[in-house]
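Asks: Anchor point for the sequence shown: position 44 equals 45 in my numbering, and the numbering is continuous, going up by one each time. In this text, a Cβ means the ideal position worked out from N, Cα and C, and glycines have one as well. Okay, here's the structure, questions in a sec.
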Amino acid sequence: MEKITKAPQRIFLKSVLSFVGLIILGFFSYFRAGLNKADLQKITGNINYLEKTFNNYPPARNSGKCRYIRVDNYLDVFEIFIGKDKGDFAPVLEKIDSLRIGDEITVYVDNLISPQEDIINSNVRFIDRGNEPVFIRGNSLKNVAIFLVGLSALSLIGLVVLKKKGKIA
2 MEKITKAPQR IFLKSVLSFV GLIILGFFSY FRAGLNKADL QKITGNINYL
52 EKTFNNYPPA RNSGKCRYIR VDNYLDVFEI FIGKDKGDFA PVLEKIDSLR
102 IGDEITVYVD NLISPQEDII NSNVRFIDRG NEPVFIRGNS LKNVAIFLVG
152 LSALSLIGLV VLKKKGKIA
């Protein structure tokens, strides 16, 4: 009886390029997550909207873990995630509920990847009331980026091993 052998799949180059792209994305995300206040857009104004919901946007996220803030000289509504449950990407500092309508705040936003047509801006990194920090976003983006780079690097190693064994071409 004749043994049937499968031809190796020709996926090596496409896979390597994909994982290299993911590594680049991971490094980009890691460095974007590490930006400080001087690197971000600074918006100062008085709070004219501060609620746990905003026009049912989006209903699944209005579970009490977000706050919606608008300042008087900026069109967008800022969505601030304040969840602290296990598994949440908790902020480093969160005193949003100490804010009141009329308070003057400074919001630091990373608008590099924000869609301009969306009225909700969830890229808030820091909020200050005067010299007092009120909100500092957590390091979840850095952790996700490290995981993405690590997983992609391990996958690249696996591809090289499979290529050397002749399992892929």
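Whose C-beta lies closer than 7 Å to the C-beta of Asn-112 among residues of the same chain, with five residues either side of it excluded?
Replies: So the qualifying residues of the chain are Gln-42, Asn-124.
Asks: Are the beta-carbon atoms belonging to Gly-84 and Lys-66 less than 8 Å from one another?
Replies: Yes, the pair counts as a contact, with Cβ atoms nearer than the cut-off.
Asks: Do you know how far the Cα of Asn-140 is from the Cα of Leu-26?
Replies: Using only the alpha carbons, I get a separation of about 17 Å.
Asks: Grab the span of the beta strand (DSSP E) containing Arg-130 for me, first residue to last.
Replies: Here the beta strand (DSSP E) through Arg-130 covers 125-130.
Asks: Which same chain residues end up closer than 8 Å to Phe-28 when comparing Cβ atoms and leaving out the 5 residues on each side of it in sequence?
Replies: So the list reads Ala-146, Val-150, once near-sequence residues are dropped.
Asks: Pick out whichever of Phe-127, Pro-92, Tyr-31, Asp-98 has its Cα sitting closest to the Cα of Tyr-109.
Replies: With distances taken between Cα atoms, Tyr-109 lies closest to Phe-127.
Asks: Can you have a look at Tyr-82 and say buried or exposed, based on whether 16 or more other CB atoms are within 10 angstroms of its CB?
Replies: Checking the sequence, you will find Phe at residue 82 rather than Tyr. Counting Cβ neighbours within 10 Å, Phe-82 comes out buried, since at least 16 surround it.
Asks: Evaluate Asp-77 with the Cβ neighbour count: other Cβ atoms within 10 Å of its Cβ, from every protein chain shown; 16 or more gives buried, anything less gives exposed.
Replies: That one is buried.
Asks: Might you give, ordered along the chain, the residues of its own chain that have their beta carbon closer than 7 Å to the beta carbon of Tyr-58, omitting 5 neighbours on each side?
Replies: Excluding residues within five positions, the ones whose Cβ falls inside 7 Å are Ile-121.
Asks: From which residue to which residue does the alpha helix (DSSP H) around Asn-144 run?
Replies: Per DSSP, Asn-144 belongs to the alpha helix (DSSP H) from 141-165.
Asks: Quick check on the DSSP output: what are the complete beta strand (DSSP E) runs of length 3 or more inside the segment 34-115, in order along the chain?
Replies: Taking only runs of at least 3 residues, the beta strand (DSSP E) segments lying wholly in the segment 34-115 are 42-52, 67-72, 78-82, 105-110.
Asks: At what residues does the beta strand (DSSP E) containing Ile-137 begin and finish?
Replies: 133-137 is the span of the beta strand (DSSP E), which, as asked, contains Ile-137.
Asks: Where does Ser-99 land, buried or exposed, given buried means 16+ other C-beta within 10 angstroms?
Replies: Counting Cβ neighbours within 10 Å, Ser-99 comes out exposed, since fewer than 16 surround it.
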